[in-house]
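Asks:
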Amino acid sequence: MTNLTFNAELRDQLVNELGNLQKERVGLQQELREQKSQSIAAKEELFLEIFDVFDAVEFLLDYMDQHSELSPQFIQRLPKSLSIVQKKLLGVLQRRQVELLELEGTKPDFDFCRVVEREVRSDVEDQTITKIVRRGFRHGDKILRPIEVITSKKES
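Pasting the structure below:
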């Protein structure tokens, strides 16, 4: 009789555990569906924002293609138009918490700078940043791309 009681208790415990596992499985499946849905929505939003930037670039390229002689007014407005495209791209990044890295001072901070070239300069102190080659970006504490710079060196 003890074995039967023990087996019945074990069976009840196993049935209970199986029920809990099935509930947990259903919950995890629902959570996975929600995460997939959110991921798809985020991608679609990103695509729509990129399409806006694409349209702005395409407009400029089409205009230049259709006008073999570019007017002085177009040439004069081109930097502003490109600046608008750049701001749109930065907006897309900022909405995703991606920020431009800013230099502080004239010396490279190797936590977020990479020296890609050195140039001989006698008019500035050694290791002074003379040019930013590429801007850098961060997402939270993670450096996605360091600022690429050219620094000065003394003539040897």
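To convert a position in the sequence shown, counted from 1, into our numbering, add 49. C-beta: ideal position from N, C-alpha, C; glycine also.
Considering only the alpha carbon of each residue, which of I192, D172, V147 lies closest to D160?
Replies: One-based indexing of the sequence shown puts residue 160 at position 111. Looking at the Cα atoms, I192 is the closest of the given residues.
Asks: Indicate whether the contact test is met: 3 or more Cβ pairs, each with one atom in the region 79 to 87 and one in the region 105 to 114, closer than 8 Å.
Replies: no
Asks: If you follow the alpha helix (DSSP H) that V198 is part of, which residue opens it and which one closes it?
Replies: If you number the sequence shown from 1, residue 198 lands on position 149. In the DSSP annotation of this structure, V198 is not part of any alpha helix (DSSP H); the continuous beta strand (DSSP E) holding it starts and ends at 196 to 202.
Asks: Within a Cβ cutoff of 8 Å, which residues of the same chain sit near R145, ignoring the five residues on either side of it in sequence?
Replies: As a first step, residue 145 must be located in the sequence shown, where it is residue number 96. Answer for R145: L95, H188, listed in chain order.
Asks: Measure the Cβ-Cβ separation of D175 and K202 and say whether it is below 7 Å.
Replies: In the sequence shown, residue 175 corresponds to position 126, counting from 1. In the sequence shown, residue 202 corresponds to position 153, counting from 1. Cβ distance < 7 Å, so D175 and K202 count as in contact.
Asks: Since R138 and F186 are thought to touch, with beta carbons under 8 Å apart, how far apart are those beta carbons, to the nearest angstrom?
Replies: As a working mapping, residue 138 is identified with position 89 in the sequence shown. As a working mapping, residue 186 is identified with position 137 in the sequence shown. It is Leu, not Arg, that sits at residue 138 in the sequence shown. About 11 Å; that fails the 8 Å criterion.
Asks: Quick check: what's the CA-CA separation for E231 versus N69?
Replies: The question about residue 231 has no answer here: the residues shown for the chain are numbered 50 through 205.
Asks: In the DSSP assignment, the alpha helix (DSSP H) including R167 goes from what residue to what residue?
Replies: Taking the first residue of the sequence shown as 1, we reach residue 167 at position 118. Unbroken run through R167 is the beta strand (DSSP E), 162 to 169; no alpha helix (DSSP H).
Asks: Can you tell which of Q115, G140, E118, A105 has the C-alpha that lies nearest to the C-alpha of K129?
Replies: The sequence position of residue 129 within the sequence shown is 80, counting from 1. Selected option, being the one with the closest Cα: A105.
Asks: Once you ignore the five residues that flank E93 on each side, which residues in its own chain have a CB closer than 6 Å to its CB?
Replies: For the purposes of this step, residue 93 is identified with residue 44 of the sequence shown, where counting begins at 1. So the list is empty, once near-sequence residues are dropped.
Asks: I need the straight-line Cα distance from A90 to I199, nearest angstrom please.
Replies: One-based indexing of the sequence shown puts residue 90 at position 41. One-based indexing of the sequence shown puts residue 199 at position 150. Those two C-alpha atoms are separated by around 41 Å.
Asks: Looking only at its chain, what residues have a beta carbon closer than 6 Å to the beta carbon of E204, apart from the 5 residues adjacent to it on each side?
Replies: Your numbering for residue 204 matches position 155 in the sequence shown. Contacts found: V169.
Asks: Within the same chain, show all residues whose beta-carbon is closer than 8 Å to that of I99, passing over the 5 residues directly before and after it, in chain order.
Replies: The residue given as residue 99 occupies position 50 in the sequence shown. If we look at I99 and ignore the five residues flanking it on each side, its Cβ neighbours are V141.
Asks: Quick check: the Cα distance between R82 and E153, rounded to an integer number of angstroms?
Replies: As a position in the sequence shown, residue 82 is number 33, starting the count at 1. As a position in the sequence shown, residue 153 is number 104, starting the count at 1. Note on geometry: alpha-carbon atoms of R82 and E153 lie some 45 Å from one another.
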